[in-house]
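Right, one structure below, let's go through it.
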Amino acid sequence: MRPGSQHSNKGALEFIRQCLDMAEMLGVDLKNVLVRLDSAHDDAEIIEELLKRGVAFIIKRNLRKESKEQWLSLARRVGEAQKPRRGKTVFTGEASHIPVAGREDFPVFATFEVTERTIDKHGQDLLIPDIEVNTFWTNLPDDAATVINLYHAHGTSEQYHSELKSDLSFERMPSGKLATNSLLLLLAMLAFNALRLLGQSALKMKEALPRKFKVQRRRLRSVLQDLVYIACKRVRHSNSIFLKFGRHCPWFEVFRQLHIKFC
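For the sequence shown, the UniProt record's numbering begins at 1 and goes up steadily by one.
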C-alpha cells in the first residue's frame with residue numbers, strides 16, 4: 001500500500017529484493033524466475049540488482065525524449081518486417097549498442113517493436129504515418145518475437161486485478177487509513193488465493209465435472225457460484241452436523257472431492 005500521489009518506482013528496488021529473498025527461502029532457483037516490469041521501473045539500479053542476482057528480466061523502456069523516427073529508421077535497417085494487414089508494418093529486432101544509463105558494462109539488449117501505419121484500421125489513408133514504438137531491456141537470449149510475447153503475457157495479472165475488484169467487490173478501499181486497508185487487502189488476498197486454488201483443483205477433476213471446460217482457469221465469480229453458493233441443507237443429528245445436498249446437484253461430486261482433498 002502506498003499513497004496515490006507516490007511514484008510507483010519509489011521503494012520498488014527494496015520490494016524486488018524482498019520478493020527475491022522470499023523466493024530463495026521457498027527453495028526457488030532464481031535462474032528460473034522471470035521478472036517483467038513496465039516502463040515506470042526503467043531504472044539502472046533495478047537492472048543492476050537483477051543482473052547481480054542472476055535473474056532473467058524484461059523491462060519496458062521509457063523512451064523519454066527519444067525520437068520515434070530514429071527508431072523507425074533503425075528498425076527498417078536491422079529489424080524483421082511483418083505486414084499483418086495493408087498499410088501496417090511491424091518491425092521487430094534487437095539493438096545491442098544502446099547502454100543502460102550510460103553503463104556499457106551491462107550485458108543487456110534493447111529489444112524493439114516498431115509499428116508504422118499508413119492506413120488506419122478503418123481503411124482511411126493517413127497523411128502522416130503513425131509510428132508506435134515499444135522497446136524493452138532484457139538479458140534473455142531469445143529472439144525479439146519471443147521476448148515481446150513474454151512481456152505481453154504479463155497482461156494475465158491485469159485480469160487477476162480485475163477479478164479482485166469486481167468478483168470480490170474490492171473496487172474501493174473502505175477506510176481512509178493505510179494500515180486498515182492493508183489488513184483488508186491481506187484478507188482479500190487469502191480469499192483470492194483460496195478460491196483460485198479451488199478453481200484450479202476442480203478443473204483437474206475432469207471425470208467429476210458436470211460439463212467439459214476448455215479454459216485453463218476459471219473466474220473467481222464462477223468458482224463462487226458453483227462451489228461456494230452451492231445449495232444444501234444444514235442438519236444437526238446425534239451431536240453431529242451434516243450437509244445435505246440435492247439428489248441431482250451437478251457440482252456435488254466436485255465439492256466432495258475438494259472437501260476430502262483440503263479438509
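Glycine included, C-beta positions come from ideal geometry on N, C-alpha and C.
Predicted model, so just to flag it, every value in this text is computed and none were measured.
Look at Ile16 and Phe106 and say whether their C-beta atoms are less than 8 angstroms apart.
No, Cβ-Cβ distance for Ile16 and Phe106 is not below 8 angstroms.
Using a Cβ-Cβ cut-off of 7 angstroms (strictly less than) and excluding sequence neighbours within five positions of Pro210, which residues of its own chain qualify?
If we look at Pro210 and ignore the five residues flanking it on each side, its Cβ neighbours are Pro250 and Trp251.
Pick out whichever of Ile241, Ser169 and Gly79 has its Cα sitting closest to the Cα of Ala110.
Nearest of Ile241, Ser169 and Gly79 to Ala110, Cα basis: Gly79.
Could you tell me whether the region 203-223 touches the region 236-248, using the rule of 3 or more Cβ pairs below 8 angstroms?
No, the region 203-223 is not in contact with the region 236-248.
Verify whether the separation of the beta carbon atoms of Lys88 and Thr115 is less than 8 angstroms.
Contact: yes.
Pop quiz: Ala191 and Val254 are said to be a contact at Cβ under 8 angstroms. What is the actual Cβ separation, rounded to whole angstroms?
Not quite, the Cβ-Cβ distance comes to about 19 angstroms (not below 8 angstroms), so this is no contact.
My output table needs one value for Cys263: the three-state DSSP class, helix, strand or coil.
Residue state, collapsed to three classes: coil.
Could you check which residue in Leu37, Glu24 and Val55 has the C-alpha nearest to that of Lys31?
The shortest C-alpha separation from Lys31 is found at Val55.
Using the three-state DSSP reduction, which class does Ile58 fall into: helix, strand or coil?
In this structure, Ile58 counts as strand in the three-state DSSP scheme.
DSSP puts Val235 in a beta bridge; with which residues?
For Val235, which the question treats as bridged, DSSP gives the partners Phe242.
Just to confirm my understanding: we take Cys232, look at its own chain, exclude 5 residues before and 5 after, and list those with CB closer than 7 angstroms. What are they?
Around Cys232: Leu243, Lys244 and Phe245.
DSSP state of Phe192, grouped into three classes?
It is helical.
So, for Val108: in the same chain, excluding its five sequence neighbours on each side, which residues have a beta-carbon less than 6 angstroms away from its beta-carbon?
Result list for Val108: Val100, Trp137 and Asn139, in chain order.
Going by DSSP, what residue range makes up the beta strand (DSSP E) through Lys88?
From DSSP, the beta strand (DSSP E) with Lys88 extends over Lys88 to Ala95.
Beta-carbon within less than 6 angstroms of Ile148's beta-carbon, same chain only, minus the 5 sequence neighbours each way: which residues are those?
Taken in chain order, the residues that qualify are Glu113.
So for Asn134, helix, strand or coil by DSSP?
Correct three-state label for Asn134: strand.
Where does Tyr151 land, buried or exposed, given buried means 16+ other C-beta within 10 angstroms?
The residue is buried, with at least 16 neighbouring Cβ atoms inside 10 Å.
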